[in-house]
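*Asks:* Protein chains in written order, with my numbering: chain A, 6 to 139; chain B, 10 to 132; chain C, 4 to 285.
After the structure tokens below, expect a handful of questions from me.
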Amino acid sequence: MSAPASLSFPLVCAADLEAARVAAVRLLAPFAHGPRMLARVKTIVSELGRNVVQHGGGGTLTLALTPHAQGVALRIEALDCGPGITDVALALSPGFSTTRGLGLGLSGSRHLADRFEITAPRGGGTLVTAWVWL
Amino acid sequence: MDRPPILNVEGVLLICLMGDLHDRVLSHLFHDLSSVMSSRRPLGVVLNIAGVTMIDGFIAHRLEELSRLSLSLGAPLVIVGMNAAAAATLVEMGLRLGDIHTARDFERGLAWLKARTREPATS
Amino acid sequence: MDDNHRALLVEVLDIEPAELLDRWLDVQSGHELAIERPRGDAPLRAQGRVIVEALRAALVTNDSVQWQDLYSLLERVAHRHAHGGATFEQTGLFLTAFKRPLFERAAVKLPPGSPLLVELLWSITVLLDDLVLRSTRTFMTERDMVIVRQRADLEELSSPVLKLWDDIIVMPLVGTLDSRRAQVVMETLLAAVEHHGASVAILDITGVQTVDTQVAQNLFRTAAAARLMGTDCIVSGIGPQIAQTIVELGIDFGNLKTRSSLSDAIRSAFSTVGLKVARTEQ
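Put into structure tokens, the structure is as follows:
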């Protein structure tokens, strides 16, 4: 298997999430996984991506396979170019929403991921990173 | 398939959704369901999601909206056939589907809708 | 152990080493708790020889590295015994039996009743007891690991889901319901709901020891997931002790149906799916 270092997907509208979801499934292929793992990964990609499109004014989703202590992890990074999330705690609380949608996109994914981080990169915007151990 | 057909079965509207639910599909469904329901008086709506592989928070919210739409148009919506992976993932995320009734399959969903219309509404 | 005793003990070990091993195995096998092997069994004898050599090297050099080698060797021996199904008494006995031939040789070497003899015997006792303690500790750790693995295997076997009737499945739960196990239970139950198309699932917890808030949370989550799939759950087997704990902890089962006995749960399940049990004309 010669997997690329990372795959990036520009996210402008909800339709762009499809390509990212498909790619994530393909990246999982060589690793033993059941329907649960598949659902977890697709849901995280879908939710983080949707947040970028709806709240972040567009951005990019990047998928990569990275090593970790017990093996390999799938790293999902969602970077938006919007104003960023000024209050991370508020964004992570269930029910937070600035537009329609349950607004549970971030807190839901946080429960699904094995590791979860929200940072404000120097270039501006918000970077949400989720890791899933494979 | 962007526009799943809405079937009329034994007085109930049946919609079968498959694969990943794009926004397009859901938007069309809102539109199509409201236009069908305004001309018919079904006992209820059965949404079969047996083929759906993933339900995230957004889709869950849209389903709740669909249910509210259906109720406002005079009939309850029942969701049937959710698979184990989707159910486990939703619960792991801490999401519920609000007050939407769920059943294992179309048959049971239909039975529930029929039983409901026989009994007078209590709430 | 002081230098003098060490030197004496080395001399004792050097008195007819082959016979020393024979005597050791004899003493060992004569005990009712002995590790059951036919006399003169090569592996046990070989183990003994290696232990004697390592002990001798440690005594001669008194180097911490040599002592560590001896301890590691004993750990491996205990490890092997544990995995071979020996009890820890048997492993301890194997080592303490070594005292006898050492005492006998010491008594030959030093004049009877001499204070030096008494001190040497005491030194040997202290040394060997320490070795026994070390290896027993290892033994217990290894045994624990074997037990943990066996328990895991047993748990795998003990979450079957039974189809009671067309629409009804029953999952008897046994043992503890910690978070790890709860995950397996939920996945097993949901898979069974999918497989059998059940609209009622009975979770029988008669065999579950403790129900605390965590266990209750796990049950609620499983029931919530089943509900999303269109299936009602009933928790049965809540005995008086667990009922008391539930009240004390203030656990509210909310919409989740509970019954004290499995038969009550079955009755409720039949009612839900619209079935009735009727007596036939005899």
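Every residue gets a Cβ at the ideal spot worked out from N, C-alpha and C, and that includes glycine.
Give me, in chain order, the residues of the same chain whose beta-carbon lies closer than 8 Å to that of TRP27(C); leave out the 5 immediate sequence neighbours on both sides.
*Replies:* As a working note, residue 27(C) is residue 24 in the third sequence. Around TRP27(C): GLY51, ALA100, PHE101, ARG103, PRO104.
*Asks:* Taking DSSP as the reference, what is the three-state secondary structure of LEU117(A)?
*Replies:* Working through the first sequence from its first residue, we reach residue 117(A) at position 112. Helix at LEU117(A).
*Asks:* Flag this pair as yes or no: are the beta carbons of VAL50(A) and LEU32(A) separated by less than 8 Å?
*Replies:* Taking the first sequence and counting its residues from 1, one reaches residue 50(A) at position 45. Taking the first sequence and counting its residues from 1, one reaches residue 32(A) at position 27. No.
*Asks:* Mapping the DSSP letters down to three states, classify HIS286(C) as helix, strand or coil.
*Replies:* Outside the modelled stretch of chain C, which goes from 4 to 285, sits residue 286(C), for which no answer is possible.
*Asks:* Mind checking if GLY66(B) is an interface residue toward chain A, Cβ cutoff 8 Å exclusive?
*Replies:* Translated into positions along the second sequence, residue 66(B) becomes position 57. True, the Cβ-Cβ gap to chain A drops below 8 Å.
*Asks:* So, using beta-carbon positions, are ALA219(C) and LEU192(C) closer together than 8 Å?
*Replies:* Counting from one through the third sequence, the residue named residue 219(C) turns up at place 216. Counting from one through the third sequence, the residue named residue 192(C) turns up at place 189. No; because the gap between Cβ atoms is not below 8 Å, this pair is not in contact.
*Asks:* Below 8 Å, how does it come out for the region 120-130 of chain C and the region 173-187 of chain C: are there three or more Cβ pairs, yes or no?
*Replies:* They do not touch, by the three-pair rule.
*Asks:* With DSSP as the reference, label LEU231(C) as helix, strand or coil.
*Replies:* To locate residue 231(C), count along the third sequence from 1; it is residue 228. Helix.
*Asks:* Answer yes or no: do ASP32(B) and ALA125(A) have a C-beta to C-beta separation smaller than 8 Å?
*Replies:* For the purposes of this step, residue 32(B) is taken as residue 23 along the second sequence, with counting starting at 1. For the purposes of this step, residue 125(A) is taken as residue 120 along the first sequence, with counting starting at 1. Contact: no.
*Asks:* Given this structure, state the Cα-to-Cα distance separating SER79(B) from GLY53(B), to the nearest angstrom.
*Replies:* Looking up residue 79(B) in the second sequence gives position 70. Looking up residue 53(B) in the second sequence gives position 44. The straight-line gap from Cα to Cα measures roughly 8 Å.
*Asks:* Quick one: using the 10 Å Cβ neighbour count with 16 as the cut-off for buried, is HIS8(C) buried or exposed?
*Replies:* What you label residue 8(C) is simply residue 5 of the third sequence in a count that begins at 1. With 16 or more other Cβ atoms within 10 Å, it is buried.
*Asks:* Tell me, please, whether the CB atom of GLY28(B) is closer than 8 Å to any CB atom in chain A?
*Replies:* Looking up residue 28(B) in the second sequence gives position 19. Output row for GLY28(B): interface = no.
*Asks:* Give me the Cα-Cα distance between SER239(C) and ILE254(C), rounded to the nearest whole angstrom.
*Replies:* The residue given as residue 239(C) occupies position 236 in the third sequence. The residue given as residue 254(C) occupies position 251 in the third sequence. Straight-line Cα distance between these residues: approximately 16 Å.
*Asks:* Would GLY113(A) and GLY66(B) be called neighbours here (beta carbons separated by less than 8 Å)?
*Replies:* For the purposes of this step, residue 113(A) is identified with residue 108 of the first sequence, where counting begins at 1. For the purposes of this step, residue 66(B) is identified with residue 57 of the second sequence, where counting begins at 1. For GLY113(A) and GLY66(B), yes; Cβs fall inside 8 Å.
*Asks:* On the DSSP letters alone, give me the boundaries of the alpha helix (DSSP H) that LEU42(B) sits inside.
*Replies:* By 1-based counting over the second sequence, the position of residue 42(B) is 33. Its alpha helix (DSSP H) spans residues 32-48.
*Asks:* Identify the residues that DSSP records as bridge partners of TRP138(A): which are they?
*Replies:* To locate residue 138(A), count along the first sequence from 1; it is residue 133. Answer by DSSP bridge pairing, in chain order: ALA78(A).
*Asks:* Contact between the region 139-150 of chain C and the region 106-114 of chain C is defined here as three or more beta-carbon pairs at a separation below 8 Å; is this criterion met?
*Replies:* Because the criterion of three Cβ pairs below 8 Å is not met, the region 139-150 of chain C and the region 106-114 of chain C do not touch.
*Asks:* Buried or exposed for HIS73(A), please, with buried defined as at least 16 other CB atoms from any protein chain shown within 10 angstroms of its CB.
*Replies:* Within the first sequence, residue 73(A) is the residue found at index 68, counting from 1. Classification of HIS73(A): exposed, given that the 10 Å Cβ count is below 16.
*Asks:* What's the gap between the Cα of ALA201(C) and the Cα of PHE115(B)?
*Replies:* On the third sequence, position 198 is the one that residue 201(C) refers to. On the second sequence, position 106 is the one that residue 115(B) refers to. If you take the alpha carbons of ALA201(C) and PHE115(B), they lie about 13 Å apart.
*Asks:* Determine contact between the region 67-74 of chain B and the region 40-47 of chain B, defined as no fewer than three beta-carbon pairs at a distance below 8 Å.
*Replies:* No, the region 67-74 of chain B is not in contact with the region 40-47 of chain B.
*Asks:* Can you give me the Cβ contacts of GLY118(B) inside the same chain, cut-off strictly under 6 Å, excluding the 5 residues immediately before and after it?
*Replies:* The residue given as residue 118(B) occupies position 109 in the second sequence. Closer than 6 Å at the Cβ level, and outside the excluded window around GLY118(B), lie VAL55, VAL87, VAL89, ALA112.
*Asks:* Restricting to Cα atoms, I'd like to know which of VAL214(C), HIS199(C), PRO163(C), HIS198(C) is closest to VAL188(C).
*Replies:* The residue you call residue 188(C) lines up with position 185 of the third sequence. Of the candidates VAL214(C), HIS199(C), PRO163(C), HIS198(C), the one whose C-alpha sits nearest the C-alpha of VAL188(C) is PRO163(C).
*Asks:* The alpha helix (DSSP H) that contains VAL46(A), what's its start and end?
*Replies:* Working through the first sequence from its first residue, we reach residue 46(A) at position 41. Per DSSP, VAL46(A) belongs to the alpha helix (DSSP H) from 40-60.
*Asks:* For the beta strand (DSSP E) containing ARG262(C), list its first residue and its last residue.
*Replies:* Counting from one through the third sequence, the residue named residue 262(C) turns up at place 259. Note, ARG262(C): beta strand (DSSP E), 260-262.
*Asks:* When Cβ atoms are compared, which residues of the region 88-106 of chain B fall closer than 8 Å to chain A?
*Replies:* Flagged, chain order: ASN92, ALA93, ALA94, ALA95, ALA97, THR98, GLU101, MET102, GLY103, LEU104.
*Asks:* Look at the Cβ atom of GLU101(B), then the Cβ atom of HIS116(A), and state whether they are nearer than 8 Å.
*Replies:* Taking the second sequence and counting its residues from 1, the one referred to as residue 101(B) is at position 92. Taking the first sequence and counting its residues from 1, the one referred to as residue 116(A) is at position 111. Yes; because the gap between Cβ atoms is below 8 Å, this pair is in contact.
*Asks:* What does the alpha-carbon distance come out to for the pair GLU190(C) and HIS37(B)?
*Replies:* Position 187 of the third sequence, counting from 1, holds the residue named residue 190(C). Position 28 of the second sequence, counting from 1, holds the residue named residue 37(B). Taking the straight line from one Cα to the other gives about 34 Å.
*Asks:* Tell me, please, which residues DSSP counts as bridged to THR189(A).
*Replies:* Since the first residue of chain A shown is 6 and the last is 139, residue 189(A) is not available in this structure.
*Asks:* Give the DSSP-derived three-state secondary structure of LYS279(C) in the structure shown.
*Replies:* Counting from 1 along the third sequence, the entry for residue 279(C) is found at position 276. DSSP places LYS279(C) in coil when its eight states are reduced to three.
*Asks:* Are the C-beta of ASP114(B) and some C-beta of chain C separated by less than 8 Å?
*Replies:* Position 105 of the second sequence, counting from 1, holds the residue named residue 114(B). Yes, ASP114(B) lies at the interface with chain C (some Cβ there is under 8 Å from its Cβ).
*Asks:* Return the Cβ separation of VAL203(C) and ILE245(C) in integer angstroms, given the expectation that the two are a contact with Cβ distance under 8 Å.
*Replies:* Taking the third sequence and counting its residues from 1, one reaches residue 203(C) at position 200. Taking the third sequence and counting its residues from 1, one reaches residue 245(C) at position 242. Going by Cβ atoms, the distance from VAL203(C) to ILE245(C) rounds to 22 Å, so no, they are not a contact pair.
*Asks:* How is MET143(C) classed by DSSP in three states: helix, strand or coil?
*Replies:* The residue given as residue 143(C) occupies position 140 in the third sequence. Here MET143(C) sits in helix by DSSP.
*Asks:* For GLY63(A), which option in THR131(A), ALA10(A), ALA135(A), LEU139(A) has the closest C-alpha, if you only look at C-alpha atoms?
*Replies:* In the first sequence, residue 63(A) corresponds to position 58, counting from 1. Cα-wise, what sits closest to GLY63(A) is THR131(A).
*Asks:* Use the C-beta contact count for GLY233(C): other C-beta atoms within 10 angstroms, 16 or more gives buried, fewer gives exposed.
*Replies:* Locating residue 233(C) in the third sequence gives position 230, where the first residue counts as 1. Buried is the call here.
*Asks:* Tell me whether ALA112(B) sits in a helix, a strand or coil according to DSSP, three-state version.
*Replies:* Position 103 of the second sequence, counted from the start, is the residue given in the question as residue 112(B). If DSSP states are grouped into helix, strand and coil, ALA112(B) belongs with the strands.
*Asks:* Cα separation between SER11(A) and GLY76(A)?
*Replies:* Here residue 11(A) corresponds to residue number 6 of the first sequence, with the count starting at 1. Here residue 76(A) corresponds to residue number 71 of the first sequence, with the count starting at 1. C-alpha separation (whole angstroms): 17 Å.
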